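Residue numbers (our numbering), protein chains in the order written: chain U, 65 to 175; chain V, 8 to 120.
All C-beta atoms, glycine included, are put in the ideal place defined by N, C-alpha and C.
Keep in mind the model is a prediction, meaning the values are calculated, not measured.
One structure is given here, and the rest of the page talks about it.
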Amino acid sequence: KQEVTQIPAALSVPEGENLVLNCSFTDSAIYNLQWFRQDPGKGLTSLLLIQSSQREQTSGRLNASLDKSSGRSTLYIAASQPGDSATYLCAVKTGANNLFFGTGTRLTVIP
Amino acid sequence: EAGVTQSPTHLIKTRGQQATLRCSPISGHTSVYWYQQALGLGLQFLLWYDEGEERNRGNFPPRFSGRQFPNYSSELNVNALELEDSALYLCASSPYRGGDTQYFGPGTRLTVL
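Spelled out as structure tokens, the structure:
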């Protein structure tokens, strides 16, 4: 069974810092990996999707990488802002069209 | 374009009762997914419906069931509610079976007393 782990569980940084969130998964047979953002008590907003054949995707200040063979992905956030404070979730999609989610990293950006 | 909508926003029930949660996908999307986000357990896949059929089911007991209507909206039913069913239930839709990106609704917060 696919297991997805995110480290760290929580992270607090001062505004302006660059930061990296980590995601690892146990089964490399994935179709894609997606990073989401979740604000407290709210639904999920998709940030970046990386197909299994891709190595990275970029959107604005966000860059996500994927190393399928080692079962790892990172989300890099440049020049963090207080508005980036949220929980970040990674999810891998399997052949059964399921999304397996990690437990998330709660990010706090201090002004 | 309207996003995925869910109703009600909050639902309070007592143990043993039944809960019904509703989801309307983005217009043109045929697949609907249900997830449970319980405190401390993370997001877990519940059910996937496409073209009115149940396509896949997560590791949940049969008292979690649902259906998809001809207009692609969906209903999640939870029978014989237990305290541990308290969670945020998220619905997502995608434009076709196996569509890459799932678009999530705001969720229904179910509290079982």
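Check	Outcome
Residues that V/K24 contacts on chain U, provided the C-beta gap is smaller than 7 Å	Note on residue identity: the sequence assigns Gln, not Lys, to residue 24 of chain V. Result: empty, since nearest Cβ-Cβ is about 23 Å, beyond 7 Å.
Terminal residues of the beta strand (DSSP E) in which U/F100 lies	96 to 102
Helix, strand or coil at U/P146 [DSSP, three-state]	helix
Reduced DSSP category for V/E91 - H, G, I as helix; E, B as strand; rest coil	helix
Separation of V/Q109 from U/Q58, as counted between CA atoms	What is shown of chain U runs 65 to 175, which leaves residue 58 of chain U out entirely.
As assigned by DSSP and simplified to three states, the class of V/Y103	coil
Contacts that U/N162 makes with chain C (C-beta to C-beta distance below 8 Å)	The structure shown contains no chain C; the protein chains it does contain are U and V.
V/G114: contacting residues in chain U (beta-carbon distance under 8 Å)	G105, K106, G107
Distance, V/T118 Cα to V/T16 Cα	11 Å
Nearest neighbour of V/Q51, chosen from V/Y40, V/E60, V/S101, V/T27 [CA to CA]	V/Y40
Among V/P113, V/E91, V/I33, the one whose alpha carbon lies nearest that of V/G23	V/E91
Chain-order list of residues whose beta-carbon lies under 7 Å from that of U/R125 (same chain, five-residue window excluded)	I141, A142, A143
Cβ of U/G135 within 8 Å of any chain V Cβ	no
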